[in-house]
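Chemist:
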Amino acid sequence: MTDALLALVPQYGAALLMVVTFLSCLALPVPASILMLTGGAFAAGGDLSLLSVSGAAFAGAVAGDQAGYAIGRFGEGWIDRQTRAHPRRLALLERARAFSRRWGGPGVFFSRWLVSPLGPYVNFLSGAADVGWRRFALWAMAGEAVWVGLYVGLGYGFASRLEAVAEILGNVSGALAAGLVTVLLGLFLRKRMREERPE
Amino acid sequence: MPAHTVHCVGMRRLFALWRRHPFLSSAFVLGALLTAMFIARSVMFTIYWSDPAHRFQEIEPWMPARYVAYSWGLTPEELAAALELDAPPRRGRTMGEISARTGVPLAVLAERIRAAAQGREDGGR
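As you go down the protein sequences, you meet chains A and B in turn. As numbered in numbering that gives the first Met the number 0, residues 0 to 198 make up the first sequence, in order. As numbered in numbering that gives the first Met the number 0, residues 0 to 124 make up the second sequence, in order.
(1) When you compare each of Asp50/B, Val28/B, Ile58/B, His53/B to Pro104/B by their alpha carbons, which one comes out closest?
(2) Cα separation between Trp61/B and Arg189/A?
(3) How many whole angstroms separate the CB atoms of Phe37/B and Ala31/A, which I take to be in contact at a CB cut-off of 8 angstroms?
(4) Of all the options Asp121/B, Pro87/B, Val67/B, Arg113/B, which has the alpha carbon lying nearest to the alpha carbon of Gly44/A?
(5) Can you tell me whether Pro21/B is helix, strand or coil according to DSSP?
(6) Pull up the DSSP beta-bridge partners for Thr93/B, would you.
(7) Hey, does Ala14/A have any beta-carbon neighbour from chain B nearer than 8 angstroms?
(8) Quick one: which chain A residues come within Cβ less than 8 angstroms of Thr74/B?
(9) The alpha helix (DSSP H) that contains Leu175/A, what's its start and end?
(10) Is Gln56/B close to chain A, meaning its C-beta is less than 8 angstroms from at least one C-beta of that chain?
(11) Do the region 33–47 of chain A and the region 3–23 of chain A meet, that is, are 3 or more Cβ pairs less than 8 angstroms apart?
(12) Considering Cα atoms alone, identify which of Ala69/A, Gly126/A, Asp46/A is closest to Pro63/B.
(13) Heavy atom of the ligand COA less than 7 angstroms from the Cβ of Arg92/B, yes or no?
(14) Give the secondary structure of Leu25/A by DSSP, where H, G and I count as helix, E and B as strand, and everything else as coil.
(15) Residue range of the alpha helix (DSSP H) that Trp71/B falls in?
(16) Between the alpha carbons of Ala13/A and Val52/A, how many angstroms are there, rounded?
(17) Check Arg100/B in the structure and name its three-state DSSP category.
(18) Determine the extent of the alpha helix (DSSP H) in which Glu77/B is found, giving its start and end residues.
(19) Excluding five sequence neighbours on each side, which residues of the same chain lie with their C-beta closer than 7 angstroms to the C-beta of Arg92/B?
(20) Quick check on Arg80/A: does DSSP put it in helix, strand or coil?
(21) With distances taken Cα to Cα, identify the nearest neighbour of Val185/A among Gly9/B, Arg18/B, Gly30/B.
(22) Using a cut-off of 7 angstroms between C-beta atoms, extract the partners of Val180/A located in chain B.
(23) Which chain A residues are close to Leu23/B, counting only those with a beta carbon under 9 angstroms from its beta carbon?
(24) Are the region 9–24 of chain B and the region 127–143 of chain A touching by the rule of at least three beta carbon pairs closer than 8 angstroms?
(25) What does Glu162/A reach in chain B if we use C-beta pairs closer than 7 angstroms?
(26) So, Ser125/A versus Ser99/A, is the Cβ gap smaller than 8 angstroms?
(27) Would you say Ala68/B lies against chain A (beta-carbon separation less than 8 angstroms)?
(28) Can you name, in chain order, every residue of its own chain whose Cβ lies under 8 angstroms from the Cβ of Gln56/B, other than the five neighbours on each side?
(29) State the start and end residues of the unbroken alpha helix (DSSP H) segment that holds Gly44/A.
(30) Going by C-alpha distance, which of Ala114/B, Ser25/B, Phe27/B is nearest Gly72/B?
(31) Just the Cα atoms here: how many angstroms apart are Ala86/B and Ala99/B?
(32) Of the residues Gln65/A, Ser110/A, Arg101/A, which one's Cα is nearest the Cα of Trp132/A?
(33) What distance in whole Å lies between the Cβ atoms of Ala95/A and Ala128/A, which are believed to be in contact at a cut-off of 8 angstroms?
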């Protein structure tokens, strides 16, 4: 699928990037990172304009974040109904909410680019946990600027080594995201153990 | 306490933990495995692409001709000359399209580009 999408980049350039970054913010499996690298590389070759590539990717990502946040916001009532009768689920939800409110800002920022595979879920959670809209929007925009700048910039700078950059970066980003989830799960497990077995 | 007893106590506690939190501990183990896999793949690809033999990437049909020229250190005019085109390819024109228009297979076009890049490098020395 990626090759077919890549074939569309010279033709639809900026518009395609906007659609793909938008969808990637909603947890849809589209190769947004690879397309941004490719857009940057094609800009280096003079096939696309660097400004329109970056601008379109940024606009799509910002709009996608807002859509994800809105979905979380509207989903909140449904989640509440699902958890009302289950004290354990409710407790878990409350923890998630407290966690989001506390770490909301930096969490949104770093989940845009450093651990970007987690980004869409942070969007839904931020909406559902009532992280204030202004706070969410500002941190999300700052983070998306870094995400787009990083990937389009690397594509531009390493244009002739596109495949190498895409493969290395894809795996490093996967390792960071999986590593963070593992550490958080480990901390949570340890906390549970201590609560259950006071020594 | 002998070492093997410590080991057994540790194992028993781990097992108890897994029984009490099957979902959480499975997710933790899965996460750790995934992390290890991604780290291994990052290292593997870094080693692979550091090899000078893999310096140049294959020319694919989806690549725009100007991008290919840039990657191989050629100007669009030099690329046009190498591919026997009348004029430099317009922006966004892909290698696949050039192959279809000229009726020359992509592999042949790629070979001509490689030769032109090689010639430029030799000429520069």
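Note that CB positions come from ideal geometry on N, CA and C, so glycine has one too.
Modeler: On the basis of the supplied data:
(1) Here residue 104/B is taken as the residue at index 105 of the second sequence, counted from 1. Nearest of Asp50/B, Val28/B, Ile58/B, His53/B to Pro104/B, Cα basis: Ile58/B.
(2) Counted from its first residue, the second sequence places residue 61/B at position 62. Counted from its first residue, the first sequence places residue 189/A at position 190. Roughly 50 angstroms between the two C-alpha positions.
(3) Sequence index remark: in the second sequence, residue 37/B carries index 38 (1-based). Sequence index remark: in the first sequence, residue 31/A carries index 32 (1-based). Rounded, the Cβ-Cβ distance is 18 angstroms, inconsistent with contact.
(4) For this step, residue 44/A is matched to residue 45 along the first sequence. Gly44/A has its Cα closest to that of Val67/B, out of Asp121/B, Pro87/B, Val67/B, Arg113/B.
(5) The count along the second sequence starts at 1 and reaches residue 21/B at position 22. Note: Pro21/B maps to helix in three-state DSSP.
(6) Here the question's residue 93/B lines up with position 94 in the second sequence. DSSP output for Thr93/B lists Pro63/B as bridge partner(s).
(7) As a position in the first sequence, residue 14/A is number 15, starting the count at 1. Closer than 8 angstroms: no.
(8) As a first step, residue 74/B must be located in the second sequence, where it is residue number 75. Within 8 angstroms Cβ-Cβ: nothing; Thr74/B doesn't reach chain A, min ~10 angstroms.
(9) For the purposes of this step, residue 175/A is taken as the residue at position 176 of the first sequence. Taken as a continuous stretch (DSSP letters only), the alpha helix (DSSP H) holding Leu175/A covers 161–195.
(10) As a working note, residue 56/B is residue 57 in the second sequence. Judged by the 8 angstroms Cβ criterion, Gln56/B is in contact with chain A.
(11) yes
(12) Taking the second sequence and counting its residues from 1, the one referred to as residue 63/B is at position 64. Measuring from the Cα of Pro63/B, the nearest candidate turns out to be Asp46/A.
(13) For the structure depicted, the ligand COA is absent and the ligand set is empty, with no information on it obtainable.
(14) In the first sequence, counting from the first residue as 1, residue 25/A sits at position 26. Residue state, collapsed to three classes: coil.
(15) Here residue 71/B is taken as the residue at index 72 of the second sequence, counted from 1. Run containing Trp71/B: none; DSSP gives neither H nor E here.
(16) If you number the first sequence from 1, residue 13/A lands on position 14. If you number the first sequence from 1, residue 52/A lands on position 53. If I take the Cα positions, the gap works out to 5 angstroms.
(17) As a first step, residue 100/B is located in the second sequence; it is residue number 101 there, counting from the start. Reduced to three states, the DSSP call for Arg100/B is helix.
(18) As a first step, residue 77/B is located in the second sequence; it is residue number 78 there, counting from the start. Element bounds for Glu77/B: 75–81.
(19) Taking the first residue of the second sequence as position 1, residue 92/B is located at position 93. These residues qualify, in order along the chain: Pro63, Ala64.
(20) For the purposes of this step, residue 80/A is taken as the residue at position 81 of the first sequence. Three-state result, Arg80/A: helix.
(21) The residue labelled residue 185/A in the question sits at position 186 within the first sequence. Correcting the residue identity first, residue 185/A is Gly in this sequence and not Val. Closest by alpha carbon: Gly30/B.
(22) On the first sequence, position 181 is the one that residue 180/A refers to. Residues of chain B passing the Cβ test: Gly30.
(23) As a working mapping, residue 23/B is identified with position 24 in the second sequence. Result: Leu184, Phe187, Leu188, Arg191.
(24) no
(25) Here residue 162/A corresponds to residue number 163 of the first sequence, with the count starting at 1. Going along chain B in sequence order, the residues near Glu162/A (Cβ under 7 angstroms) are Gln56.
(26) Here residue 125/A refers to the residue found at position 126 of the first sequence. Here residue 99/A refers to the residue found at position 100 of the first sequence. Result yes, Cβ atoms of Ser125/A and Ser99/A sit closer than 8 angstroms.
(27) The sequence position of residue 68/B within the second sequence is 69, counting from 1. By this cut-off, Ala68/B is an interface position.
(28) Residue mapping note: residue 56/B aligns to position 57 of the second sequence, counting from 1. Correct list, in chain order: Ser70.
(29) For the purposes of this step, residue 44/A is taken as the residue at position 45 of the first sequence. Run containing Gly44/A: 31–44, per the alpha helix (DSSP H) assignment.
(30) Here residue 72/B refers to the residue found at position 73 of the second sequence. For Gly72/B, the nearest C-alpha among the options comes from Ala114/B.
(31) The residue you call residue 86/B lines up with position 87 of the second sequence. The residue you call residue 99/B lines up with position 100 of the second sequence. Straight-line Cα distance between these residues: approximately 17 angstroms.
(32) Working through the first sequence from its first residue, we reach residue 132/A at position 133. Checked all of Gln65/A, Ser110/A, Arg101/A; the closest Cα to Trp132/A is Gln65/A.
(33) Working through the first sequence from its first residue, we reach residue 128/A at position 129. Working through the first sequence from its first residue, we reach residue 95/A at position 96. Confirmed, about 7 angstroms.
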